[in-house]
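Novice: Sharing a structure, written as C-alpha cells. Questions coming.
There are 2 protein chains.
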Amino acid sequence: MNEAQLEIEERLERMKELLNAENMPDFRDEFLALHSYEQGQVYLGLTKEERQKTYHYLSPNELGDMFEVIEEDEESVEEYLREMNPNYAADMLGAMYADNAVDILKQLNKHQVKVYLDLMPEENASEIKELLHYEDETAGSIMTTEFVSIVANQTVRSAMAILKSKAPEAETIYYIYVVDSEEVLVGVISLRDLIINEDDQLIADLMSEHPVAVKVTDDQNDVAKTIRDYDFLAVPVVDEVDHLLGIITVDDIIDVIDDEATSDYSGLAGVDVEETTENPFIAASKRLPWLITLLFLGMSTASLISRYEVMVSDASILAVFISLITGTAGNAGTQSLAVAVRKLATQDDSNTNFGKMIFSEIMTGLVTGLVTGITIFVVVGIWKHNFILGFVIGMAMLCAITVANLAGSLIPILMDRLGFDPAVASGPFITTLSDLTSVLIYFNIAALFMSYFVGQ
Amino acid sequence: MNEAQLEIEERLERMKELLNAENMPDFRDEFLALHSYEQGQVYLGLTKEERQKTYHYLSPNELGDMFEVIEEDEESVEEYLREMNPNYAADMLGAMYADNAVDILKQLNKHQVKVYLDLMPEENASEIKELLHYEDETAGSIMTTEFVSIVANQTVRSAMAILKSKAPEAETIYYIYVVDSEEVLVGVISLRDLIINEDDQLIADLMSEHPVAVKVTDDQNDVAKTIRDYDFLAVPVVDEVDHLLGIITVDDIIDVIDDEATSDYSGLAGVDVEETTENPFIAASKRLPWLITLLFLGMSTASLISRYEVMVSDASILAVFISLITGTAGNAGTQSLAVAVRKLATQDDSNTNFGKMIFSEIMTGLVTGLVTGITIFVVVGIWKHNFILGFVIGMAMLCAITVANLAGSLIPILMDRLGFDPAVASGPFITTLSDLTSVLIYFNIAALFMSYFVGQ
C-alpha cells in the first residue's frame with residue numbers, strides 16, 4: 001500500500017471512530033475540511049449504520065456537495081437515497097447543481113423521481129424536470145442551468161457586482177454569457193477579461209461576439225470535441241434560435257470522454273470492461289452472451305469445413321493450415337475494424353467519403369495480403385518441400401486478408417449508416433466472421449489443386 | 001457538407017483572398033477576431049506562399065496564440081518553423097506558455113532547439129530549458145510555470161491587485177496558490193472565493209490548507225486521475241519537499257486522457273489507429289510488423305497440428321472443429337485481456353491483489369468454459385449423432401477457454417510487473433497464442449478417444 005492509499009485508509013478509520021463515538025462536532029469539523037471527492041471516499045467506505053449517522057450530522061446541503069462528485073452505480077445510489085428520510089433526500093437533490101441532480105435521478109425509477117420532485121422546492125423541481133426531458137447523450141442531458149448571464153449594456157463594475165451575487169449558485173463563474181432582451185446569446189466574456197479591464201469599460205466593447213455554442217440536441221461527443229478543440233472550460237448550450245438554455249462544464253466533458261473511451265474499448269473486446277465484480281458467475285454471465293452468439297457463428301464455419309471433410313480425409317495436410325489462415329485474416333480484420341471505427345468517430349460524417357474509405361481499406365488488404373502471402377508461400381514451400389502447397393496457402397492468405405479487411409471496414413460503416421454505434425462491432429465478431437470467409441476461400445482454392453495433394 | 005463545415009470552408013476562402021490581395025489591414029482584423037482554434041483551422045489550410053504572408057502580417061505574439069492550440073504532427077510543425085525567420089520563430093516560442101512551447105520544441109532535433117533557445121530572451125529560455133529536462137509522460141513534462149502564487153499574510157484586496165497584474169501571462173488565474181517564504185505550497189484559494197469574500201479578509205483565513213498536489217515525477221495518467229476525480233481546473237506540481245514548481249491545467253489533461261484512450265484502443269487492436277493515411281502502402285507498412293510476427297507464432301500452431309496429421313488423416317472429422325475451438329477460446333481470451341488491462345489501468349498498483357485477480361479470471365474461465373462446453377457437447381452430439389465426439393469437443397472447449405482466460409489476465413499482469421505498458425498486449429496476440437494452446441489441448445484430449453473416431 002503506498003502513501004496515498006494509507007492516508008485514505010487512516011482518514012476512513014478516523015471518521016468511523018468519530019461516528020461510532022457519536023462525536024458530532026469533531027466529525028463535522030474534520031469531514032467538512034475535506035475536499036468533496038475525499039468526503040466521497042469516506043462515505044463509500046462506511047457501513048449502513050455509519051451512513052445513517054452522517055444523515056443526522058450533516059445538512060442536506062453539505063451532503064449534496066459530496067454527491068456532486070461521487071460516481072457510483074445505479075444500485076448503490078438508489079440504496080443511499082432510500083436510506084435517507086425522503087425530505088432530506090429531496091432537499092439534498094434540490095441543493096445540488098441541476099445537472100448532477102439529474103444524473104442521480106436518472107438512475108431511479110419514475111415513481112421515485114416523482115416523490116423527490118414533489119418534495120422539492122418548486123423552483124428546483126421545475127429546473128430539474130426541464131433537464132430530465134432531454135434525450136440521453138445529448139447536450140441537453142448533461143447541461144446545467146446554473147450559469148451567469150448579463151446584458152451587454154453595462155460596465156465591468158456592474159457586471160462584477162452581478163457576478164458576486166450569483167457566484168454562490170453558479171456552476172462556473174469563469175465565463176459570463178451576454179444575452180439580449182429575448183435571452184438570445186450574443187456574446188461571452190471571461191472573468192479574466194473582467195479582471196484585466198478597467199471598471200468603467202462597457203461589456204459590449206469587451207465581449208467576444210458570435211460565441212461558439214452547441215445546440216441542445218447535439219450529441220455529447222460533439223460537445224466534447226468542441227470543448228477539447230477550443231480548450232474551453234465551459235460551452236453555452238442554445239436552442240434552434242440561439243436562446244441560451246444552459247452551459248456544459250469541462251468536468252462533465254471529461255466524464256463523457258472517459259465513458260466513450262471505455263465503451264469503445266469494451267466494444268472492440270466484446271465485453272463490458274467496467275466489470276468490477278470478482279464473482280466468476282456474474283462475470284461469466286456478462287461475457288457469455290457474446291461468446292455463445294459467436295459460438296453459433298463459429299458452428300457455421302465448422303459445418304462449412306464439414307462439407308470439405310472428404311478433401312481433408314484425402315489430403316490431411318490441408319488441416320494443418322486452417323488455423324494459420326483464419327487466425328491471420330482475423331488479425332488483419334481486427335486491425336482494419338479498429339482503424340475504421342476510429343475514423344468514423346473522429347471524422348465529421350458529412351466529410352467522410354465512405355467509398356474512398358472502403359477502397360483504401362481493400363487496397364491496404366491487398367498489399368498486406370501480398371506481403372503475408374509471399375512470406376508464407378516461401379516458408380511453407382521450404383518447410384514442406386512443396387511450392388504448390390505454398391502457393392495455395394499464400395493465395396488463400398492473400399484473398400482471406402483482403403476479404404477480412406473489407407469486412408472490417410464495411411461492417412462499422414454499415415452500422416454507422418444504419419444509425420448504430422459502429423464501436424459495437426467487436427474484434428471477436430470480425431475474427432469469427434472472417435473464420436467463415438477464410439475457410440470458404442481456402443478450401444475453394446485448395447480444391448483446384450487437389451490432384452497435387454492427395455496422399456501427401 | 002454540413003453548416004459548420006461550410007462555414008469553415010468559406011472562412012478559409014475569404015482569408016486566402018485577403019492574403020492573395022495583400023490586404024493586410026482586413027486580414028488582421030478578420031483573422032484576429034477568430035478564436036485561436038479557428039485561426040489554426042485557417043492556417044493549416046493555407047499554401048506555403050500564403051503562410052509566408054501571415055509571418056509578415058502577424059506579430060510573433062499573435063501567431064503564438066494560435067500555436068498554443070494547434071495540434072499537428074512532427075513533420076508539419078518542423079516545416080512551419082523552418083519557413084519562419086529564426087528570430088521570428090524564437091520570439092513566437094518565447095511568447096507562448098512554456099508548456100506549449102516545450103510541446104513544439106520536443107518535436108525538433110537538439111540542434112534546432114538550441115538555435116531557438118539561443119535567440120530567445122534569457123528568461124523565457126531558462127524556463128523552457130527547465131521543463132525540457134523532465135522525462136516524457138511525467139507531470140513535469142506537461143506542467144507550465146506560468147501560474148499565480150501569493151503569500152498568505154495579505155488581504156483579498158491586495159491578492160486581487162497581484163492577480164490583476166499577473167493575469168496577462170498566467171495560464172490560469174482561476175486558482176491562486178499560496179506559498180511560504182521558501183516557496184513551499186501551503187494553500188490554495190479559488191478566484192471564486194476571492195470574489196465572494198470581503199476585500200479586507202485575510203487570505204490565510206480563507207485559503208484551503210493542505211491542497212491536493214501532484215509530484216513532478218508522477219506519471220501523467222495519475223495526474224489525469226487526480227484532476228478527473230476532484231473536478232479540478234488545474235492542479236499544482238511540487239517537488240519532493242513540496243516546493244511549488246508549476247501547474248497542470250485541465251485542457252492539457254484532456255489531451256492526456258485522449259492519447260491514453262487511443263493508445264489503449266490501438267494496443268487491443270494491434271494497430272496504430274491514428275493512421276490517417278489513405279496510401280495503402282504506408283498503411284500496410286504500419287500493420288505488417290504485427291501481422292508477420294503473429295504469422296510466425298501461427299506457424300508454430302501449424303507445425304503442432306502437423307504432428308497430429310496422422311490423427312487427422314485417420315479421423316478427418318477432427319479437422320472440422322479446429323477453428324471452432326481456437327476461435328471461441330480466442331474470443332474468451334480477448335475478453336479476459338481487455339478486462340485485465342482495464343483493471344490494471346484503473347486500480348492503484350499497491351492495492352491490486354494479482355493472485356486474486358488471476359484466480360478470479362481462471363474461475364470465470366471455468367464457468368464460461370463449462371457453459372460453452374456443455375452447449376457445444378449437446379449441439380455436436382445431436383448434429384453428428386456422436387456424443388463421444390461431442391464430449392471431446394466440449395471438454396477441449398472448457399480447457400481451452402480456461403487456459404485462454406488465464407493467458408489473457410496473466411500476460412498483461414506480467415507485462416505490468418516487468419514495467420511495460422500492459423495495454424500493448426493486443427487481442428490479436430492473445431488469439432494467436434491461444435490458437436497454439438487450444439490446438440495442443442484439443443488433440444491431446446482427442447488422442448484419448450481416437451478408437452471411437454477412426455473411420456468416421
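As you go down the protein sequences, you meet chains A and B in turn.
For the first sequence, UniProt numbering assigns the number 1 to the initial residue and increments by one for each residue that follows.
For the second sequence, UniProt numbering assigns the number 1 to the initial residue and increments by one for each residue that follows.
Ideal placement from N, C-alpha and C gives every residue a C-beta, glycine not left out.
In this text, all values refer to a predicted model and were calculated from it rather than measured experimentally.
Who are the near neighbours of residue 145 of chain B in its chain, counting only those whose CB is closer than 6 angstroms to its CB and skipping five residues on each side?
Specialist: Same-chain partners within the cutoff: 98, 127, 246.
Novice: Quick one: which residues of the segment 318-335 of chain A get their C-beta closer than 9 angstroms to a C-beta of chain B? List them in chain order.
Specialist: Correct list: 318, 319, 320, 321, 322, 323, 324, 325, 326, 327, 328, 330, 331, 332, 334, 335.
Novice: Quick check on residue 56 of chain A - is its C-beta less than 8 angstroms from some C-beta in chain B?
Specialist: Residue 56 of chain A does not count as touching chain B.
Novice: For residue 1 of chain A, does the count of other Cβ atoms within 10 angstroms reach 16, so buried, or fall short, so exposed?
Specialist: Confidence in residue 1 of chain A is poor, its pLDDT being 43 and thus under 50, which makes the residue's placement unreliable; the coordinate value appears in the next sentence. Exposed, since its Cβ has fewer than 16 Cβ neighbours within 10 Å.
Novice: Please name the residue, chosen from B:73, B:148, B:191, B:68, that lies closest to residue 230 of chain A on a Cα-to-Cα basis.
Specialist: Taking only the C-alpha atoms, the option nearest residue 230 of chain A is B:68.
Novice: Give the straight-line distance between the Cα atoms of residue 379 of chain A and residue 394 of chain A, rounded to the nearest whole angstrom.
Specialist: Each residue's Cα considered, the two are about 10 angstroms apart.
Novice: To the nearest angstrom, how far is the alpha carbon of residue 399 of chain A from that of residue 407 of chain B?
Specialist: So the two alpha carbons sit approximately 30 angstroms from each other.
Novice: Out of curiosity, what's the CA-to-CA distance linking residue 255 of chain B and residue 228 of chain A?
Specialist: Near 8 angstroms, if we compare the C-alpha coordinates of residue 228 of chain A and residue 255 of chain B.
Novice: Which same chain residues end up closer than 7 angstroms to residue 8 of chain B when comparing Cβ atoms and leaving out the 5 residues on each side of it in sequence?
Specialist: Excluding positions up to five away in sequence, the list reads 41.
Novice: Step through the CB atoms of chain B and report whether any lies within less than 8 angstroms of the CB of residue 299 of chain A.
Specialist: Output row for residue 299 of chain A: interface = yes.
Novice: What residue range is occupied by the uninterrupted beta strand (DSSP E) comprising residue 234 of chain B?
Specialist: Per DSSP, residue 234 of chain B belongs to the beta strand (DSSP E) from 234-238.
Novice: Report the neighbours of residue 163 of chain B on chain A: residues whose CB is nearer than 8 angstroms to its CB, in chain order.
Specialist: Residues of chain A passing the Cβ test: 195.
Novice: Helix, strand or coil for residue 37 of chain A, going by three-state DSSP, please let me know.
Specialist: Three-state DSSP puts residue 37 of chain A in a helix.
Novice: Mind checking if residue 453 of chain B is an interface residue toward chain A, Cβ cutoff 8 angstroms exclusive?
Specialist: Closer than 8 angstroms: no.
Novice: In whole angstroms, what is the alpha-carbon distance linking residue 284 of chain B and residue 321 of chain B?
Specialist: If I take the Cα positions, the gap works out to 32 angstroms.
Novice: Identify, in the order they occur along the chain, each residue of the same chain with its Cβ nearer than 6 angstroms to the Cβ of residue 456 of chain B, setting aside the five sequence neighbours on each side.
Specialist: Low local confidence applies: a pLDDT of 48 at residue 456 of chain B is under 50, so the model's placement there is unreliable, and no value is given.
Novice: Using a Cβ-Cβ cutoff of less than 7 angstroms, which residues in the same chain neighbour residue 396 of chain B once the five nearest sequence positions on both sides are dropped?
Specialist: Cβ neighbours of residue 396 of chain B beyond the five flanking positions: 325, 441, 442, 445.
Novice: Given that a residue counts as buried once 16 or more other Cβ atoms are within 10 Å of its Cβ, and exposed if not, what is residue 35 of chain A?
Specialist: Classification for residue 35 of chain A: buried.
Novice: Are residue 188 of chain B and residue 214 of chain B touching if we call contact CB-CB under 8 angstroms?
Specialist: Contact flag unset, no.
Novice: In the structure shown, what three-state DSSP assignment does residue 215 of chain A receive?
Specialist: Residue 215 of chain A: strand per DSSP, three-state reduction.
Novice: Between residue 442 of chain B and chain A, is there a C-beta pair that is closer than 8 angstroms?
Specialist: It does not; no Cβ of chain A falls within 8 angstroms.
Novice: Quick check on the burial criterion: 16 or more other C-beta atoms within 10 angstroms. Buried or exposed for residue 310 of chain A?
Specialist: Exposed, because fewer than 16 other Cβ atoms sit within 10 Å of the Cβ of residue 310 of chain A.
Novice: One question on the structure: do residue 409 of chain B and residue 361 of chain B come within less than 8 angstroms of each other, judged by their Cβ atoms?
Specialist: Yes; because the gap between Cβ atoms is below 8 angstroms, this pair is in contact.
Novice: Tell me the DSSP secondary structure of residue 70 of chain A in three-state form.
Specialist: Three-state result, residue 70 of chain A: coil.
Novice: DSSP three-state call for residue 181 of chain A: helix, strand or coil?
Specialist: Residue 181 of chain A falls in the coil class under three-state DSSP.
Novice: Let me know the alpha helix (DSSP H) ranges lying completely inside the segment 244-311 of chain A, each 4 residues or longer, listed in chain order.
Specialist: Listed in chain order, they are 250-269, 280-307.
Novice: Taking C-alpha atoms, which residue in A:268, A:37, A:50 lies nearest to residue 64 of chain A?
Specialist: Cα-wise, what sits closest to residue 64 of chain A is A:37.
Novice: Does the Cβ of residue 392 of chain B have 16 or more other Cβ atoms within 10 Å, making it buried, or fewer, making it exposed?
Specialist: Its Cβ being crowded by 16 or more others within 10 Å, residue 392 of chain B is buried.
Novice: Considering only C-alpha positions, which residue in the set A:130, A:222, A:298 is nearest to residue 346 of chain A?
Specialist: Comparing Cα-Cα distances from residue 346 of chain A to each of A:130, A:222, A:298, the minimum goes to A:222.
Novice: For residue 93 of chain B, which residues of its own chain have a beta-carbon under 6 angstroms away from its beta-carbon, when the five flanking residues on both sides are left out?
Specialist: Excluding sequence neighbours, residue 93 of chain B sits near 101, 116.
Novice: By Cβ distance, which residues of its chain are closer than 8 angstroms to residue 121 of chain B, with the 5 residues on each side in sequence left out?
Specialist: Answer for residue 121 of chain B: 94, listed in chain order.
Novice: Let's test the definition: count the other Cβ atoms within 10 Å of the Cβ of residue 342 of chain B and tell me whether it reaches 16, buried, or not, exposed.
Specialist: Residue 342 of chain B comes out buried.
Novice: Give me the chain B residues within the contact set of residue 261 of chain A, using Cβ-Cβ distance strictly less than 7 angstroms, ordered along the chain.
Specialist: Those within 7 angstroms of residue 261 of chain A in chain B are 261.
Novice: Answer with buried or exposed for residue 199 of chain A, where buried requires no fewer than 16 other C-beta atoms within 10 angstroms of its C-beta.
Specialist: Classification for residue 199 of chain A: exposed.
Novice: I want to verify the contact list: residues of chain A whose CB lies under 9 angstroms from the CB of residue 281 of chain B, in sequence order.
Specialist: The contacting residues are 363, 364, 367.
Novice: Is residue 134 of chain A near residue 216 of chain A, with beta carbons less than 8 angstroms apart?
Specialist: A contact, by the Cβ cut-off of 8 angstroms.
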